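**Student:**
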Ligand code: SF4
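In this note's numbering, the protein residues as written are 2 to 336.
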């Protein structure tokens, strides 16, 4: 395992033709973004548990969560930036898919308002310029992501370089200051390419309301990154996709864990039909804890036990079009 880079069981990170998927968390800590998708944020729980683990892990996760009266942890809004973790992908020889970060949102204001926060997110994007791994980045704040990339472009133009070179310069700085001088030197000799085809930036969305607020920003994001995509997970309602958003991939999944809310198979079937019509690859991740026919989902709190009883039968449904596991084309390595 390279520093800060860990193998993961998240199925959509296992890209065809590449090594097993990984996660990289150079920033830790977040805040709920609005909308019910954050209500059961698993990263809050995971982060809270790590606060009580080994001293090194505890230090990285300290102060990021508090325990509420109901026994569930909640983000404090504090963010920890861990520049030494940027070295992980540079040391990894085998090409892999990397979900980065899985326990924060790079465009959460608490990240960007940190001293050097914007520079650090630029350095993270610089990893896609410096390596051939495929970086899968998710945000619930795509409007802030658009602002970030537009400012990056303006600053690069002002300096007479391209956005990729500016991201590499920030990466070199953070590596150097983290004591990774050989890696910094290696990165300083790398050519730029922008937009990086291996930088995939997507928006998480859970229902139509959140989709309509967030997905249109992907249109503006498209020219700055290799691929824009949607993660409809946890899926909490029917979603009608906008064909003009230029989305290149859709991941769908139900919620799992304690208190998980139901997902109707019909919602997934609807996404399947839309993605097929649009010619967009779709990856069905999981049914989740409670999968039900739409007819069974009658309202909050109603008949949840009946839905749970049905889960076994629904869980054994034969794979249909709705359970497709497709990927977008994987960019060719440069070397
Ligand atoms: S944006 Fe993601 S990491 Fe942040 S609170 Fe919401 S679900 Fe958790």
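Glycine included, each C-beta is placed from N, C-alpha and C at the ideal position.
Remember, it's a predicted structure, so these values are computed and weren't measured experimentally.
Just list the residues that DSSP pairs residue 86 with in beta bridges.
**Tutor:** In the DSSP output, where bridge partners are listed per residue, residue 86 has none listed.
**Student:** Span of the alpha helix (DSSP H) holding residue 48?
**Tutor:** 43-51
**Student:** Kindly indicate if chain D contains any beta-carbon less than 7 Å away from that of residue 43.
**Tutor:** The structure shown has no chain D; it contains just one protein chain.
**Student:** Quick check for students: name the residue ranges of the beta strand (DSSP E) that lie wholly in the segment 49-81, counting only runs of 3 or more.
**Tutor:** 66-68 and 74-76
**Student:** Assuming residue 325 and residue 264 make a contact with CB atoms under 8 Å, what is their CB distance in whole Å?
**Tutor:** Not really, about 16 Å apart at Cβ, beyond 8 Å.
**Student:** Considering only DSSP beta bridges, list what residue 23 is partnered with.
**Tutor:** 8 and 99
**Student:** Assuming contact is defined by CB atoms lying nearer than 7 Å, are residue 21 and residue 8 in contact in what I supplied?
**Tutor:** yes
**Student:** Could you name each continuous beta strand (DSSP E) segment of 3 residues or more that falls completely within the segment 166-231, going from the start of the chain to the end?
**Tutor:** Along the length of the segment 166-231, whole beta strand (DSSP E) runs at least 3 residues long occupy 200-206, reported in chain order.
**Student:** Return the CA-CA distance between residue 1 and residue 261, expressed in angstroms with no decimal places.
**Tutor:** Residue 1 is absent from the model: the chain starts at 2 and stops at 336.
**Student:** For residue 309, which residues of its own chain have a beta-carbon under 7 Å away from its beta-carbon, when the five flanking residues on both sides are left out?
**Tutor:** Residue confidence for residue 309 is low, a pLDDT of 45 falling below 50, so the modelled location carries little weight and cannot support an answer.
**Student:** What separation, rounded to the nearest whole angstrom, lies between the Cα atoms of residue 295 and residue 251?
**Tutor:** For residue 295, the predicted model reports a pLDDT of 47, less than 50, meaning its position is unreliable; a value from the coordinates is still stated below. Each residue's alpha carbon lies about 21 Å from the other.
**Student:** Listed by chain order, which residues have C-beta atoms less than 7 Å from any heavy atom of the ligand SF4?
**Tutor:** Cβ atoms closer than 7 Å to the ligand SF4 belong to 31, 32, 33, 34, 38, 39, 42, 44, 45, 76, 104, 105, 106, 109, 141 and 205.
**Student:** Within 10 angstroms of its Cβ, does residue 155 collect 16 or more other Cβ (buried), or is it exposed?
**Tutor:** exposed
**Student:** Under 8 Å Cβ to Cβ from residue 160, same chain only, skipping five residues before and after it: list those, please.
**Tutor:** Within the same chain, residue 160 has close Cβ partners 167.
**Student:** Smallest Cα separation from residue 19: which of 109, 133 and 32?
**Tutor:** Nearest of 109, 133 and 32 to residue 19, Cα basis: 133.
**Student:** Please classify residue 62 as buried or exposed, where buried requires at least 16 neighbouring CB atoms within 10 angstroms.
**Tutor:** buried
**Student:** Quick one: Cα of residue 246 to Cα of residue 54, how far?
**Tutor:** Residue 246 and residue 54 have their C-alpha atoms roughly 43 Å apart.
**Student:** With C-beta atoms as the reference, is residue 74 less than 7 Å away from residue 68?
**Tutor:** yes
**Student:** Would you report the Cα separation of residue 277 and residue 26, rounded to the nearest angstrom?
**Tutor:** 33 Å
**Student:** Could you please give the first and the last residue of the uninterrupted beta strand (DSSP E) stretch that includes residue 253?
**Tutor:** 251-254
**Student:** Is residue 272 helix, strand or coil by DSSP?
**Tutor:** helix
**Student:** My guess is that residue 142 and residue 108 are in contact by the Cβ rule of under 8 Å, so how many angstroms apart are they, rounded?
**Tutor:** 4 Å
**Student:** My assumption, with CB atoms under 8 Å, is that residue 37 sits in contact with residue 207. Please give the rounded CB distance.
**Tutor:** 6 Å
**Student:** Count the CB pairs spanning the segment 124-140 and the segment 190-204 that are closer than 8 Å, and state whether there are at least three.
**Tutor:** yes
**Student:** Leaving out five residues on either side along the sequence, give the residues of the same chain with a beta carbon under 8 Å from the beta carbon of residue 222.
**Tutor:** 143, 146, 147, 150, 202 and 229
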